[in-house]
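A.B. asks: Quick one: structure below, then a few questions.
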Amino acid sequence: MPTPPPPSSLSHDHTKPQLDPDEVIKLMASLMHDELRTPTIQFSAAESLPSSDWRKSLVVKLPQNRNLPIGILRELLQTAWNPTTTMPIKEFYEGSYLVHFKELADLDAVIIGAPWTIHDDLLLYERCENNKLPEEYTFEKAKFWVQLHGLLVDYLTPASVFKIASELGPAQPIKSEDTMKWGRYARAKIELDITDALPKHINTTLANGKPCRVDLKYEKLARFCYFCGIVGHLG
1 MPTPPPPSSL SHDHTKPQLD PDEVIKLMAS LMHDELRTPT IQFSAAESLP
51 SSDWRKSLVV KLPQNRNLPI GILRELLQTA WNPTTTMPIK EFYEGSYLVH
101 FKELADLDAV IIGAPWTIHD DLLLYERCEN NKLPEEYTFE KAKFWVQLHG
151 LLVDYLTPAS VFKIASELGP AQPIKSEDTM KWGRYARAKI ELDITDALPK
201 HINTTLANGK PCRVDLKYEK LARFCYFCGI VGHLG
């Protein structure tokens with residue numbers, strides 16, 4: 001019986017590249033040196049702006065990192081918001097801007113009047129907060145007036161509308177006098193997550209078990225993708 005040939009030997013080099021020990025030592029020494037050279041400073045509360053100052057500021061931004069020359073933005077906001085005095089505006093962080101109001105009433109008027117649009121883009125904003133890092137302003141929320149179509153007459157009440165609105169997001173309290181303006185639809189101001197698709201309707205069930213679909217329409221929606229439902233870009 002013939003002797004079978006020895007198995008062929010296939011040479012595969014699985015050896016991992018070896019680091020030069022001297023290079024490893026140099027790299028570690030460099031990292032340690034950089035860490036030792038990095039100073040750490042502790043601030044005291046006395047070295048920060050008083051709350052009466054930063055509480056009168058907004059950080060604003062356009063969706064999809066769109067930007068405008070700061071001079072044009074200043075002119076547009078000054079015209080739209082019409083504050084009692086000039087608003088200083090300066091670049092802040094990664095396409096956002098810091099807007100300072102001399103009067104708190106002017107800032108409150110801007111928030112009450114939201115949403116705002118610039119060149120068909122929704123203007124995103126957040127109130128300044130103490131101890132909040134620039135990168136922590138995420139601009140993921142926006143307040144909209146939302147129309148609720150399809151509610152039965154006997155459910156056009158502040159309680160019913162607020163219950164529906166709160167299902168979508170934090171809702172502004174609804175006063176009884178607001179119902180005097182309701183006709184074909186009710187409306188509520190709701191803070192929505194604009195990173196998600198805006199819902200087109202919401203399903204409800206009446207007290208007698210009858211289903212009722214409530215259609216949603218958003219006022220001052222600006223640039224909007226009707227395909228995916230996302231604010232800030234076109235489909």
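Note that UniProt numbering has the sequence shown beginning at 1, numbered continuously upward. Every residue, glycine too, gets a C-beta built ideally from N, C-alpha and C. These numbers come from a predicted model, not from an experiment.
1. Indicate whether GLY169 and ASP193 have their beta-carbon atoms separated by less than 8 Å.
2. With a 10 Å radius around its C-beta and 16 neighbouring C-beta atoms as the bar for buried, classify LYS56 as buried or exposed.
3. Would you mind working out which of VAL59, CYS212 and HIS119 sits nearest LEU133, comparing C-alpha positions?
4. Could you work out which residue in ALA142, GLU126 and GLY150 is closest to PRO135 when comparing CA atoms only?
5. Does the contact criterion of 3 or more C-beta pairs under 8 Å hold for the segment 176–184 versus the segment 202–213?
6. Less than 6 Å between C-beta atoms, sequence neighbours within five positions excluded: which residues of the same chain meet that for LEU187?
7. Decide if LEU104 is buried, meaning its Cβ has at least 16 other Cβ atoms within 10 Å, or exposed.
8. Measuring CB to CB, does GLN172 end up less than 8 Å from LYS200?
9. Count the CB pairs spanning the segment 64–76 and the segment 104–123 that are closer than 8 Å, and state whether there are at least three.
C.D. replies: Per the coordinate set shown:
1. yes
2. buried
3. VAL59
4. Per the sequence shown, residue 135 should be read as Glu rather than Pro. Closest by alpha carbon: GLU126.
5. no
6. Looking at the sequence provided, one finds Arg at residue 187 rather than Leu. If we look at ARG187 and ignore the five residues flanking it on each side, its Cβ neighbours are TRP145 and GLN147.
7. exposed
8. no
9. Output reads yes: the segment 104–123 touches the segment 64–76.
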